[in-house]
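My numbering numbers the first residue of the sequence shown as 5 and each following residue consecutively.
C-beta atoms are modelled at their ideal positions from N, C-alpha and C, and glycine is treated no differently.
To keep things clear, I will list the structure first and then write my remarks on it.
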Amino acid sequence: MTLTAKPAENGTHEKLLLTPDEAAQQLSVCPKSLWSLTAPRGPIKCVRLGRSVRYSVDALREFIAQQSQA
């Protein structure tokens with residue numbers, strides 16, 4: 005199975021998975037705050053690849069949508 009990113013408006017490909025630092029930056033929080041929001045402690049789901057933790061762009065968007073409704 006191959007995952008490909010949708011091309012962004014500027015012709016580059018959007019990243020599907022972000023590092024914890026990148027995800028924290030996108031949410032404007034520190035990495036420690038992001039970790040406290042990460043499942044199972046919090047609502048943001050992460051993807052584990054071996055010992056690495058990544059966050060899907062869709063999971064971050066879903067979290068933002070949930071926060072806007074609250």
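- The Cβ-Cβ distance between Y59 and P24 falls below 8 Å.
- Comparing C-alpha distances from Q70 to each of K49, V57, L53, R55 shows the shortest one belongs to K49.
- Collapsing the DSSP output to three states places S60 in a strand.
- Bridge partners of T23 according to DSSP: none are assigned.
- A Cβ-Cβ contact shorter than 8 Å links L41 with P47.
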